[in-house]
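S.K.: Start counting the sequence shown at 153; every next residue gets the next number (this note's numbering). By construction, the Cβ of each residue, glycine as well, lies at the ideal position given by its N, Cα and C atoms. Okay, handing you the structure first.
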Amino acid sequence: MVEKRNLQHACRCHSDHEPNAVNSDYPGPFYRTMESSHASYIAQPSTGTPITPSTAFLCRYLQYQNNSVILQHYNYVGKLKQDKYEKGLKPEAIALLLVCLLIVLENSVVLVAIWKNKKFHLPMYYLLGNLTFSDLLAGFTYMLNIMLSGPMTLRLTPLLWFLREGGVYITLTASIISLLAIAIERHVTMAQMKPYQGTKRGRMFALIATSWALPVLLGVLPIMGWNCIGNLKQCSTILPLYNKSYILFCVIVFSSILVAIIVLYCRIYLVVKTSTKKLGGKLRKGATARRSQKNMVLLKTVTIVLGVFIICWLPLFGLLVLDFMSTAKAHPVLLKADYFLGLAMINSLLNPVIYTLTSKDMRRAILRLLCQRCLMTQDGQMKAFGISFLECSFSKSVVASHRLQGLETTISSGNITHSHIKAIYPKLFVNKL
């Protein structure tokens, strides 16, 4: 018991926590209890116990269990002036909870559809399923984050706070890297003409493993020590226990992923456009116009994929950069970060629509799963409404053209097969005969 007390005194002596960082900005009864706890934490004298690597680890553990640290950091960056920490959930928090619930339900339906249909037990659909699973977890972890926010925040220990924020960070990062994994696979398949075969599933498993290993590695860095506990001047305003240098590091990583996705999809579009142009010399009259229509469909799809990602994430990236460059309490907009994060969560809501529901086969599977009796006949044929839903992404002129069937949905659905590539690159297979 004496050794533990000496260790606590040594940790207090070597911490540069500032007593003045806790003041009357939050005058509630919970604040007064935390203030007295924090004051006693600072006031203890040092016993001269030296700090060794083992005691440094134990000191960090003790800091992670001291919930007065949360109050101190939140007050330092000015967050305690918001009334969200005095009452229950605000209307905007309830709205975000509903969005998260919709994300979970939507992605759950897609996952069940992929799992129940053996037709989708293919590597590309596994990658789409991995994206869907990460978006589902992102919605779920953000729901937990909201439920543990507000007044609950000030009752958390730093350890629980790191777990709360780290869960959202890991799942959102996994979603972003899954988008990159899908872009890599489509580029390899279309640009290098290497569709999956039985012996090449290792690439898929490597992409899936990376899409989770890297987010976990990045997400645990703050809890491993890359934080601002004991160094308030380096604290982020958006995430008061995170170090600003870590915030900048995350922005650089996410921006690099965004640039990589843009480059890959642009290359895919250029390769497909060049290939169809070469093929156009052998087509009959009128095929040139149809080919131009298909290129436009492909270009629109690429624009949607990249546009939605940029619109959802770029505002949050900009806010994080502002957070890194500013001092505490300098920009009130940093206290509104929940709105920017909510916009980023919309990306997880739209991903199933962009990457999955644009596939006719996937739409058919989901219709059978959700509303088989009302949209399908007893012999398994689609009713009129179901057919119109299946064909909603095609114009009449495009549906009438089957020469390059599947080309316009290559980017959106990811259902790239041996037959699709054969349709686009017939000479490749003729030469192999």
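Leaving out the 5 sequence neighbours to the left and right, which residues in its chain are closer than 7 angstroms to Q234 when beta-carbon positions are compared?
M.R.: For Q234, where only same-chain residues beyond five positions count, the Cβ hits under 7 angstroms are L487.
S.K.: Look up N269 in the DSSP assignment and say whether it is helix, strand or coil.
M.R.: Coil, per DSSP.
S.K.: Please classify P367 as buried or exposed, where buried requires at least 16 other C-beta atoms within 10 Å of its C-beta.
M.R.: Its Cβ being crowded by 16 or more others within 10 Å, P367 is buried.
S.K.: Look up N219 in the DSSP assignment and say whether it is helix, strand or coil.
M.R.: Here N219 sits in coil by DSSP.
S.K.: Would you mind working out which of L241, P275, A333, K271 sits nearest N297, comparing C-alpha positions?
M.R.: Taking only the C-alpha atoms, the option nearest N297 is L241.
S.K.: At what residues does the alpha helix (DSSP H) containing L493 begin and finish?
M.R.: L493 -> alpha helix (DSSP H) spans 489 to 507.
S.K.: How should C418 be labelled, buried or exposed, when 16 other C-beta atoms within 10 angstroms of its C-beta is the threshold for buried?
M.R.: Its Cβ having fewer than 16 others within 10 Å, C418 is exposed.
S.K.: How about L274 and I334: are their beta carbons less than 7 angstroms apart?
M.R.: Contact flag unset, no.
S.K.: Rounded to the nearest angstrom, what separates K425 and K271 at their Cα positions?
M.R.: In a straight line, the C-alpha of K425 is about 28 angstroms away from that of K271.
S.K.: Label R516 either buried or exposed according to how many other C-beta atoms from any shown protein chain fall within 10 Å of its C-beta, with 16 as the threshold for buried.
M.R.: Burial call: buried.
S.K.: Report yes if the C-beta distance between L521 and A265 is below 7 angstroms; otherwise report no.
M.R.: Going by C-beta atoms, L521 is nearer than 7 angstroms to A265.
S.K.: Is C402 helix, strand or coil when you go by DSSP?
M.R.: In the structure shown, C402 sits in a helix (DSSP, three-state: H, G or I).
S.K.: Have a look at the DSSP bridge pairing and note the partners of R387.
M.R.: The residue asked about is misnamed: residue 387 is Cys in this sequence, not Arg. Paired residue(s): N395.
S.K.: Using alpha carbons as the reference points, say which of H483, L416, L493, L400 lies closest to L468.
M.R.: Ranking H483, L416, L493, L400 by Cα distance to L468 puts L493 first.
S.K.: Sort out for me which residues DSSP pairs N379 with in a bridge.
M.R.: Bridge partners of N379: Y394.
S.K.: Have a look at L249, T508, I414, M514 and flag the residue whose alpha-carbon is nearest the alpha-carbon of H339.
M.R.: When only C-alpha atoms are compared, the closest one is I414.
S.K.: Please state the DSSP three-state secondary structure of N175.
M.R.: Low per-residue confidence applies at N175: pLDDT is 49, beneath 50, and the placement is therefore not dependable, though the value from the model is reported in the following sentence. N175: coil per DSSP, three-state reduction.
S.K.: Pick helix, strand or coil for L308, following the three-state DSSP scheme.
M.R.: Coil at L308, not helix or strand.
S.K.: For M276 and E238, which I take to be in contact (beta-carbon distance under 8 angstroms), what is that distance rounded to the nearest angstrom?
M.R.: About 50 angstroms; that fails the 8 angstroms criterion.
S.K.: Helix, strand or coil for Q234? Go by DSSP, reduced to three states.
M.R.: Of the three classes helix, strand and coil, the one that applies to Q234 here is coil, per DSSP.
S.K.: To the nearest angstrom, how far is it from the Cα of A191 to the Cα of I222?
M.R.: Residue placement at A191 is flagged as unreliable, the pLDDT there being 44, under the threshold of 50; a coordinate-derived value is accordingly withheld.
S.K.: For C523, does the count of other Cβ atoms within 10 angstroms reach 16, so buried, or fall short, so exposed?
M.R.: The residue in question, C523, is exposed, as its Cβ has fewer than 16 Cβ neighbours within 10 Å.
S.K.: Once DSSP output is grouped into helix, strand and coil, what is the label at S286?
M.R.: In this structure, S286 counts as helix in the three-state DSSP scheme.
S.K.: Ordered along the chain, which non-local residues of its own chain (more than five positions away) have a Cβ less than 6 angstroms from that of L311?
M.R.: Same-chain partners within the cutoff: Y216.
S.K.: What separation, rounded to the nearest whole angstrom, lies between the Cα atoms of M342 and R355?
M.R.: Their backbone Cα atoms lie some 15 angstroms apart in a straight line.
S.K.: Please classify T510: does DSSP put it in a helix, a strand, or coil?
M.R.: Three-state result, T510: coil.
S.K.: Between which residues of its own chain and C252 is the CB-CB distance below 8 angstroms, once the five residues before and five after are set aside?
M.R.: Cβ neighbours of C252 beyond the five flanking positions: G291, F292, Y294, M295, I298, M497.
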